[in-house]
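For any residue, its number in my numbering is found by taking its place in the sequence shown, counting from 1, and adding 2. By construction, the Cβ of each residue, glycine as well, lies at the ideal position given by its N, Cα and C atoms. These figures come from a predicted structure and were not determined experimentally. So the structure is just underneath, and the comments pick up after that.
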Amino acid sequence: MTTIREIAAKSGYSPATVSRLLNDDPTFSISDTAKERILKTARNLNYYQNKSMKGPGFKVAVIFSVTPRKELEDAYYSNLRQNILTSGATANMVMTLFRDLNEVPNNIDGILAVGSFSKAELNKIKHLSGNIVFVDSNPDPHQFTSVQPNLEYITEHAIDLFRMAGRTTIGLISGKYWNVSTGTNPVGDVRRKYFESYMRQLNIFDNRLTFIGPDFSVESGYNLGMQVVQQLGRDWLPQGFLIGSDPLAVGVLQAFNENKITVPQDTAVISVNDLDIAKYVSPPLTTFKIDLLELGQVAIDTLREVITFPDTSHKTILLDSTLIVRKSFIPESEAEQPATNQKTSQ
Numbered sequence: 003m004t005t006i007r008e009i010a011a012k013s014g015y016s017p018a019t020v021s022r023l024l025n026d027d028p029t030f031s032i033s034d035t036a037k038e039r040i041l042k043t044a045r046n047l048n049y050y051q052n053k054s055m056k057g058p059g060f061k062v063a064v065i066f067s068v069t070p071r072k073e074l075e076d077a078y079y080s081n082l083r084q085n086i087l088t089s090g091a092t093a094n095m096v097m098t099l100f101r102d103l104n105e106v107p108n109n110i111d112g113i114l115a116v117g118s119f120s121k122a123e124l125n126k127i128k129h130l131s132g133n134i135v136f137v138d139s140n141p142d143p144h145q146f147t148s149v150q151p152n153l154e155y156i157t158e159h160a161i162d163l164f165r166m167a168g169r170t171t172i173g174l175i176s177g178k179y180w181n182v183s184t185g186t187n188p189v190g191d192v193r194r195k196y197f198e199s200y201m202r203q204l205n206i207f208d209n210r211l212t213f214i215g216p217d218f219s220v221e222s223g224y225n226l227g228m229q230v231v232q233q234l235g236r237d238w239l240p241q242g243f244l245i246g247s248d249p250l251a252v253g254v255l256q257a258f259n260e261n262k263i264t265v266p267q268d269t270a271v272i273s274v275n276d277l278d279i280a281k282y283v284s285p286p287l288t289t290f291k292i293d294l295l296e297l298g299q300v301a302i303d304t305l306r307e308v309i310t311f312p313d314t315s316h317k318t319i320l321l322d323s324t325l326i327v328r329k330s331f332i333p334e335s336e337a338e339q340p341a342t343n344q345k346t347s348q
C-alpha cells in the first residue's frame, strides 16, 4: 500500500504537506505547481486505488435521463438510481438528482450521467463540468469516462453456453433506448451489435431470428413474443433466445405460454439483469446478474478519481456479471463454467 511518506519522497515535499493536501485540510494553502506535482505523484503510485477514504464533500449532480414511467417498467433503473445515490452518500459526497439539464447548477464538482442524451445535451453536460462519468453506457468513449456492465462478454458467453448445449440456432430479442427530453432519437441496444458480430464470426447468424422492440418493457416483450410466434411458428423457432432484459423476457414468456410454446423444451431463454421478478415467472429465468451495488460504488470511486486528478485520460471500466441458472435454460455442463461467473438459484 502506498504511504504518505512514499508520495512525499517521490514528489520532494514534506509528509506533513502531502498529508494536509490529500486529506483536504480546509486551512491548508499550497501553490498550484506544488499541488499538481503531489497529485500527479499520488496518481502514479495508485494512492487512491490502494487507500480507502471518503470524498471531501464533493457536490455531485446525478443526471438521470430515464423517465419515472420507464423506471416503473424496468426496476433495473430505479435500483441503479438508488445504488448510485446511496454509494455517493456513503462516500461523503453531496448527491443531487436531476432529470432536467436546465436545473443543474454551475457550482458542482462532478457529474454522474445515466441514460440517453442528444448531441446538444452532451455538449451542455460538458460545459457544466469537466468531471463526468457515465454509468451503464458511454455515448462517446473518446470524450467521456464510463463504468458499465460488460455486455459484450454477456452476449458472447450466452451464445457459447447455447452452443455447448448443442443449441446452434440462436435468436435475439431486445429493445431500444429513448431520449428522455424529446421522446425521440431511439438508440439501439449494443447487444444487437455484439450478437450479430459474434454470430457472423461463428457463421451461424440468421437475421430472421433478431427481434427488436421500441423499449425494454414487459409489454414490448409480449408484443415481440407474439411477433416471433407469427413470423416463425413452432417449426422455425430457434433453439435458444438471448433476451435483453428480464422485463422483456417476462413478456416473451407470457406470449409463448399463450401459444403453448414450452421453455426450455421448444426454445431456451437466457435473460439479463436478475431482477426479483426473474425468480417468479414460469419457468424461472436463467439470467446474467448485474451487480448494481458494485456498479454504483465503482462509479463513485471513478468520479472521485476524475475530480481529484482532472488530467486523467478517459477510460471505460467494464464490470463482470454472474450467470444465475434457473429453469429457462440449464447449461449442458455447469461444472465446466468458472465458479466465479456462475451461480445456481432456485
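May I ask you to verify whether the stretch 280 to 287 touches the stretch 255 to 266, counting CB pairs closer than 8 Å and requiring at least 3?
yes
Assuming Thr304 is part of the alpha helix (DSSP H), what are its boundary residues?
294 to 310
Given Asn108 as reference, the closest of Thr5, Leu47, Ala63, Thr289 once Cα atoms are compared:
Ala63
Cβ-Cβ distance between Asp1 and Asp276 below 8 Å
Residue 1 cannot be examined here, being either before or after the span of the chain that is shown, 3 to 348.
Candidates Ala160, Val230, Asn48, Asp142: closest to Ile332 by CA position
If we check each option's Cα against that of Ile332, Ala160 comes out closest.
Quick check on Gly177: buried or exposed, where buried means 16 or more other Cβ atoms within 10 Å of its Cβ?
Buried: at least 16 other Cβ atoms inside 10 Å.
Would you check if there are 3 or more beta carbon pairs closer than 8 Å linking the stretch 95 to 108 to the stretch 162 to 173?
no
Look at the alpha carbon of Ser183 and the alpha carbon of Pro70, and state the distance between them as a whole number of angstroms.
Low local confidence applies: a pLDDT of 46 at Ser183 is under 50, so the model's placement there is unreliable, with the coordinate-based value given in what follows. Ser183 and Pro70: Cα-Cα distance of roughly 12 Å.
Leaving out five residues on either side along the sequence, give the residues of the same chain with a beta carbon under 7 Å from the beta carbon of Pro240.
Thr171, Ile172, Gly173, Leu211, Thr269
Give the secondary structure of Ser21 by DSSP, where H, G and I count as helix, E and B as strand, and everything else as coil.
helix
Which runs of the alpha helix (DSSP H) spanning at least 4 residues fall entirely within the stretch 239 to 278, listed in chain order?
Taking only runs of at least 4 residues, the alpha helix (DSSP H) segments lying wholly in the stretch 239 to 278 are 248 to 260.
Using a Cβ-Cβ cutoff of less than 6 Å, which residues in the same chain neighbour Phe290 once the five nearest sequence positions on both sides are dropped?
Ile156, Val274, Ser323, Leu325
Fully enclosed by the stretch 76 to 158, which beta strand (DSSP E) runs are 3 residues long or longer?
Runs of the beta strand (DSSP E) spanning 3 or more residues and lying entirely within the stretch 76 to 158 occur at 96 to 100, 112 to 117, 134 to 137, 147 to 151, in chain order.
Measure the alpha-carbon distance for Ala93 versus Ala280 and round it to whole angstroms.
31 Å
Reference His384; option with closest CA among Val192, Val116, Asn104, Pro143:
Within the shown structure, residues of the chain are numbered from 3 to 348, placing residue 384 beyond reach of any answer.
List the endpoints of the continuous beta strand (DSSP E) containing Leu41.
No beta strand (DSSP E) contains Leu41, which is instead part of the alpha helix (DSSP H) from 34 to 46.
How many whole angstroms separate the CB atoms of Ile80 and Glu73, which I take to be in contact at a CB cut-off of 8 Å?
Correcting the residue type first, residue 80 is Ser in the shown sequence and not Ile. Contact holds; Cβ gap of about 4 Å.
Backbone secondary structure at Val327 - three-state DSSP
strand
Within 8 Å, do at least three Cβ pairs link the stretch 12 to 21 to the stretch 35 to 46?
yes
Nearest by alpha-carbon distance to Asp208: which of Glu158, Phe197, Asp138 is it?
Phe197
Along the chain, where does the beta strand (DSSP E) that runs through Ala63 open and close?
Its beta strand (DSSP E) spans residues 61 to 67.
Buried or exposed: where does Ser222 fall if 16 or more other Cβ atoms within 10 Å of its Cβ makes it buried?
buried
What's the call for Asp111, buried or exposed, on a 16-neighbour Cβ count within 10 Å?
Around the beta carbon of Asp111, a 10 Å sphere encloses 16 or more other beta carbons of the protein chains shown; the residue is thus reported as buried.
Have a look at Ser118 and Tyr78 and give me their C-alpha separation to the nearest angstrom.
15 Å
Taking the C-alpha atoms as reference points, what is the distance between Leu255 and Phe60?
45 Å
Measuring only the C-alpha atoms, how far is Asn140 from Asn152?
12 Å
From Leu295, Lys329, His316, residue whose alpha carbon lies closest to that of Arg83:
Leu295
Which stretch, first to last residue, makes up the beta strand (DSSP E) that contains Phe213?
212 to 214
Please confirm whether Val149 and Val300 have their CB atoms less than 8 Å apart.
yes
If you run the structure through DSSP and keep just helix, strand and coil, what is Ser176?
strand
Can you tell which of Leu114, Val252, Thr304 has the C-alpha that lies nearest to the C-alpha of Glu75?
Val252
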